[in-house]
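Going left to right, the sequence shown walks through residues 14 to 216 as my numbering numbers them.
Positions of the beta carbon are idealized from the N, C-alpha and C atoms, including for glycine.
Working notes, beginning with the structure itself.
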Amino acid sequence: MTTSSAVRIVDSADVSPDATVGDGSSIWHLAQVREKAVLGRNCIIGRGAYVGTGVHLGDNCKVQNYALVYEPARLGDGVFIGPAVVLTNDTYPRAINPDGSLKSAHDWEPVGVTIETGASIGARATCVAPVTIGAWATVAAGAVVVKDVPPFALVAGVPAKRLGWVGKAGVPLTRETPDGPWICPTTGARYIESDGLLTEENA
Numbered sequence: 014m015t016t017s018s019a020v021r022i023v024d025s026a027d028v029s030p031d032a033t034v035g036d037g038s039s040i041w042h043l044a045q046v047r048e049k050a051v052l053g054r055n056c057i058i059g060r061g062a063y064v065g066t067g068v069h070l071g072d073n074c075k076v077q078n079y080a081l082v083y084e085p086a087r088l089g090d091g092v093f094i095g096p097a098v099v100l101t102n103d104t105y106p107r108a109i110n111p112d113g114s115l116k117s118a119h120d121w122e123p124v125g126v127t128i129e130t131g132a133s134i135g136a137r138a139t140c141v142a143p144v145t146i147g148a149w150a151t152v153a154a155g156a157v158v159v160k161d162v163p164p165f166a167l168v169a170g171v172p173a174k175r176l177g178w179v180g181k182a183g184v185p186l187t188r189e190t191p192d193g194p195w196i197c198p199t200t201g202a203r204y205i206e207s208d209g210l211l212t213e214e215n216a
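Structure follows, in structure tokens:
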């Protein structure tokens with residue numbers, strides 16, 4: 014395992030010697046980090062969380078208690094994964110083949126969830142691979158995501174649908190006029206909506 018003295022791994026965690034854990038990261042009780050997983054700097058892996066084989070996390074990610082991040086998920090910098098979130102990896106899951114034999118790793122091709130910079134996935138949400146969650150988007154607690162989520166979108170429900178927009182602070186954006194820019198009430202940042210997508214003004 015590639016680590017430095019700045020890494021904290023509690024005794025009950027199961028971290029593969031083939032995993033890479035960045036400086037300042039913490040892995041807590043009963044968490045499992047599989048072989049070839051790569052964690053960036055200052056990541057936090059909560060109690061009982063699972064990080065699958067070859068999963069990549071950017072810097073400053075938080076994976077909360079009992080979340081399941083299955084390979085080949087890719088998380089950008091600053092991604093938040095809430096408690097008991099599931100990132101799936103099998104589009105057509107089966108325990109057995111049509112002939113009744115037990116499926117092995119060679120009988121199916123894992124597909125992943127991609128989560129871009131700054132996005133947040135709320136508690137007990139499920140992202141059904143293959144999907145991409147855009148940068149700074151927010152998936153509400155308990156949502157089931159079955160299609161791509163654009164950057165800055167706020168989605169909720171089963172299946173998840175866009176309810177509005179959020180800024181980099183995570184707070185829902187407001188609008189003074191129907192055609193005007195969206196504004197973050199926390200930071201004052203302004204965002205422009207065009208063709209169903211949101212971009213930060215002057216970004």
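- Cβ-Cβ separation between A148 and G170: approximately 21 Å, too far for a contact (criterion under 8 Å).
- In this chain, the beta strand (DSSP E) harbouring E213 covers 210-213.
- In this model, V144 and T127 are separated by some 6 Å (Cα to Cα).
- Runs of the beta strand (DSSP E) lying entirely within the segment 15-60 and spanning at least 3 residues: none are present.
- Around the beta carbon of Y204, 16 or more other beta carbons sit within 10 angstroms, so the residue counts as buried.
- Spanning the alpha carbons of V92 and E122 requires a straight line of approximately 25 Å.
- The three-state reading of DSSP puts A118 in helix, counting H, G and I together.
- Going by DSSP, V126 is part of the beta strand (DSSP E) stretching over 126-128.
- Looking from the CA of D208, the closest CA among A26, E189, K181, P163 belongs to P163.
- Look at the beta carbons and you see the segment 49-56 touching the segment 67-76: at least three pairs across the two are nearer than 8 Å.
- For the 9 Å CB-CB criterion, A182 and A202 form a contact.
- N55 places its beta carbon 9 Å or farther from that of Y83.
- The criterion of a C-beta distance shorter than 9 Å is not satisfied by A154 and R175.
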